[in-house]
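Residues in the sequence shown are numbered consecutively from 1, following the UniProt record's numbering. Where a beta carbon is used, it is the ideal one built from N, C-alpha and C, also for glycine. Remember, it's a predicted structure, so these values are computed and weren't measured experimentally. Note sheet for the following structure.
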Amino acid sequence: EYILSMIGYAVGLGNIWRFPYMAYKNGGGAFLIPYLLMLVLCGIPLFFLESAIGQFCSQGPINMWRAVPVLQGVGLSMVMVNALVSIYYNVIIAYSLYYMFASMQFPLPWSSCSSWADRKCSSLPKVYCNVSGVLMTNWTQENITCPSSNKITVSVESPSEQYWDHVALQRSSGLDETGPVVWHLALCLLLSSIIVAAALIRGIKSSGKVVYFTATFPYVVILILLIRGVTLEGARDGIDFYIGSQSNLTKLTEGQVWKDAATQTFFSLSIAWGGVPTLASYSNFHNNMFLDSVIVTVINDGTSVFAGFAIFSILGHMAHVYGKPIGNVVKEGFGLAFIAYPDALAKLPISPLWSILFFFMLLTVGLDSQFAAIEVITTCLLDAFPNILKSKRAVVTILTCIIVFLLGLPCVTRAGIYWVTLIDQFVASWVMLILALMEIIGFCYIYGVNRFIKDIEMMIGKKSFCFWLWWRACWLFLTPCIIAVILVWSLVIFVPPTYGKVQYPAWGLALGWSMVAFVLIWIPVIAFYKVIKAKGNFCKVISLCSPSEEWHPYLDIHRGERYSKNTAAEETVSDNKTEDKKM
């Protein structure tokens with residue numbers, strides 16, 4: 001159940017719709033080179049780090065910082081990221097629910113232009129002839145032979161695109177025009193919250209049973225869609241576009257490609273959000289979290305590549321039907337999942353069946369990630385107030401889901417998609433790079449990498465010097481340097497986000513930066529509070545960089561001599577290169 005929960009948390013919507021587009025955008029198969037490098041140099045080391053921390057102390061993202069009390073604000077920032085991300089993840093689940101229900105009719109409602117469409121809607125490109133450039137001798141009664149040089153292709157919008165904008169979202173012109181709540185989305189949002197609350201009402205015990213299905217079912221659907229996709233006309237062109245001869249190796253010289261590879265790795269593994277240590281805190285103390293980390297990260301990235309084959313095989317068929325390059329079919333972000341792919345599914349035989357399977361798959365991967373996000377919040381509340389809330393887990397879970405639902409209502413107004421994109425662009429992007437960097441600084445530099453390694457060996461046994469040499473190199477040099485370079489580069493090349501061609505107003509961008517500040521401000525605030533609380537006592541201030549008395553394995557039987565109370569004051573640490581401190 002633990003490893004399935006980890007896989008379910010790591011494998012999310014980003015694997016289904018974000019990775020294939022990133023590969024398309026950044027040179028096709030060439031993108032796999034930086035992506036796999038980022039997995040090895042950043043993804044696995046950080047996932048291993050977070051898993052080890054959570055399993056050792058059996059605490060959530062706030063209490064795990066008892067190891068470095070001065071940085072306890074980092075844990076609170078992780079909870080804030082989870083809170084904001086859970087809001088828009090809940091909305092995406094609502095989108096999936098709506099499309100799944102809408103798929104239960106034949107033909108699919110977005111298969112053709114209906115009453116909700118405008119004049120731009122067309123299933124095929126519209127080609128007109130520039131009559132002023134045609135000789136009269138070309139006329140035959142009411143027919144015309146038009147030279148190719150006089151043909152004009154008019155830009156059109158597919159039925160699926162207009163259905164997404166006009167029916168599903170009822171999208172307004174911009175963030176300034178909020179409009180009323182879109183009630184069918186609000187009801188789906190409510191249903192999503194009810195499902196999450198029901199699955200988590202007994203904590204990890206109940207959600208652990210659910211993940212047997214939610215973590216494995218997506219692979220069944222992807223396999224079915226892949227088998228169906230490769231049998232369609234044009235599928236080979238789609239796969240060739242994905243990782244074949246059209247791969248552009250020259251893209252590797254562009255810094256943006258490496259930034260995208262790193263952020264996609266972080267996004268897909270959900271690193272620095274607090275979910276990994278929270279789930280690991282429920283694991284057995286002597287569980288081999290190193291092996292689990294490798295398995296989960298490899299499966300996660302393998303899922304991204306595997307899903308890409310299924311998606312691009314069908315997009316290749318879609319390009320074949322439309323008679324245009326695949327590069328003009330693929331949509332970025334939400335467009336791939338809710339515009340391009342529904343359009344392709346509508347052209348398959350028994351289209352409602354394939355559409356229901358696809359959106360049910362999106363629902364399951366979204367729910368897995370949402371389970372972990374809500375579990376982080378409730379775990380932190382229970383850890384913070386154990387005497388008051390310990391016996392009220394069900395109430396805390398239900399209230400958390402209600403609050404997330406209410407905060408998500410602005411995201412299901414007519415301007416809702418702009419709010420979702422704003423949260424995605426500002427919170428779920430480079431903010432996690434900062435938090436990951438703070439994790440490495442806190443546990444590998446301040447707490448001490450040698451001490452941290454001995455903590456890990458208490459759980460998985462002694463390892464060779466060569467084994468730890470690689471992880472020391474990653475944690476102390478390679479990973480933090482890569483994150484720092486990418487962080488600086490992402491700020492240098494930052495451009496204001498847009499939704500399609502719609503620009504955000506100045507107050508919208510200010511709100512985006514305010515969300516970033518709201519997430520990160522807790523790091524200096526908590527540090528300042530703890531320093532003030534020390535009342536100028538220099539020894540107390542210095543002790544904020546050392547583990548508190550509450551930092552130890554949760555159960556007495558796991559503490560051993562290093563963390564026994566009798567030897568707590570016998571050992572001190574002068575720097576990060578010395579031996580561990582006994583507590």
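CB residue i to CB residue j, shorter than 8 angstroms?
| i | j | result |
| --- | --- | --- |
| A337 | I16 | yes |
| I434 | L487 | yes |
| A67 | P547 | yes |
| I62 | D383 | yes |
| V305 | G27 | no |
| L357 | I224 | yes |
| Y89 | S369 | yes |
| S111 | S351 | yes |
| L315 | I299 | no |
| V376 | G448 | no |
| M80 | W522 | yes |
| S313 | S103 | no |
| F443 | L49 | yes |
| L189 | F405 | yes |
| M22 | Q264 | yes |
| F92 | L13 | At residue 92 the sequence reads Ile, which differs from the Phe that was named. Cβ distance < 8 angstroms, so I92 and L13 count as in contact. |
| Q162 | A199 | no |
Which residues does DSSP pair with residue i in a beta bridge?
| i | result |
| --- | --- |
| C121 | E157 |
| T413 | V181 |
Relative to the ligand ZN, is the shortest distance from any of its heavy atoms to the C-beta of residue i smaller than 7 angstroms?
| i | result |
| --- | --- |
| M515 | Of ligands this structure carries none, so the ligand ZN is not represented either. |
In the DSSP assignment, the alpha helix (DSSP H) including residue i goes from what residue to what residue?
| i | result |
| --- | --- |
| R393 | R393 to G408 |
| residue 626 | Nothing in the structure corresponds to residue 626, since the chain is present only between 1 and 583. |
| I33 | L32 to M38 |
| V11 | It is not in any alpha helix (DSSP H) - V11 carries neither H nor E in the DSSP assignment. |
| D343 | Y341 to A346 |
| T250 | Neither: T250 is in no alpha helix (DSSP H) and is coded neither H nor E. |
| F266 | G255 to L269 |
| P434 | A small correction: the amino acid at residue 434 is Ile; Pro does not occupy that position in the sequence shown. I434 -> alpha helix (DSSP H) spans V431 to I440. |
| L279 | G275 to A280 |
Using the three-state DSSP reduction, which class does residue i fall into: helix, strand or coil?
| i | result |
| --- | --- |
| Q503 | strand |
| L191 | helix |
| V495 | coil |
| V220 | helix |
| S564 | coil |
| T231 | coil |
| V68 | coil |
| Q141 | Summary for Q141: the model assigns pLDDT 43, below 50, so the residue's position carries little reliability; its value from the coordinates is reported in the next sentence. In this structure, Q141 counts as coil in the three-state DSSP scheme. |
| L135 | The pLDDT assigned to L135 is 46, lower than 50, so where the model puts this residue is not dependable; a value taken from the coordinates is nonetheless given after this. If DSSP states are grouped into helix, strand and coil, L135 belongs with coil. |
| T178 | coil |
| F47 | helix |
| S464 | coil |
| V519 | helix |
| A534 | coil |
| H317 | helix |
| G29 | helix |
| H166 | helix |
| K582 | Bear in mind that the predicted position of K582 carries a pLDDT of just 32, short of 50, making it unreliable; the figure below should be weighed with that in mind. K582: coil per DSSP, three-state reduction. |
| G323 | coil |
Give me the residue from the options with the minimum Cα distance to residue i.
| i | options | result |
| --- | --- | --- |
| G512 | W475, A102 and W430 | W430 |
| residue 645 | T421, N287, M515 and A280 | Residue 645 lies beyond the range of the chain shown here (1 to 583); nothing can be said about it. |
| V70 | S96, V516, V541 and P553 | V541 |
| F360 | Q105, V376 and F217 | F217 |
| L520 | G234, P34, E157 and F426 | F426 |
| Y529 | A373, L544 and S123 | L544 |
| N82 | T231, I271, L13 and E50 | I271 |
| D165 | S514, M515, S564 and Y499 | Y499 |
| G560 | V485, K454 and I195 | K454 |
| Y282 | Y554, I493 and G8 | Y554 |
| T250 | E549, H552 and P34 | P34 |
| G308 | F241, D260, S96 and I374 | F241 |
| R119 | P159, A94 and Y504 | P159 |
| W419 | F213, V220, M38 and M515 | M515 |
| C42 | L226, A186 and A484 | A484 |
| L97 | I222, T253, L367 and G234 | L367 |
Is there a Cβ from chain D that is less than 8 angstroms from the Cβ of residue i?
| i | result |
| --- | --- |
| L232 | Of the protein chains in this structure there is only one, and it is not chain D. |
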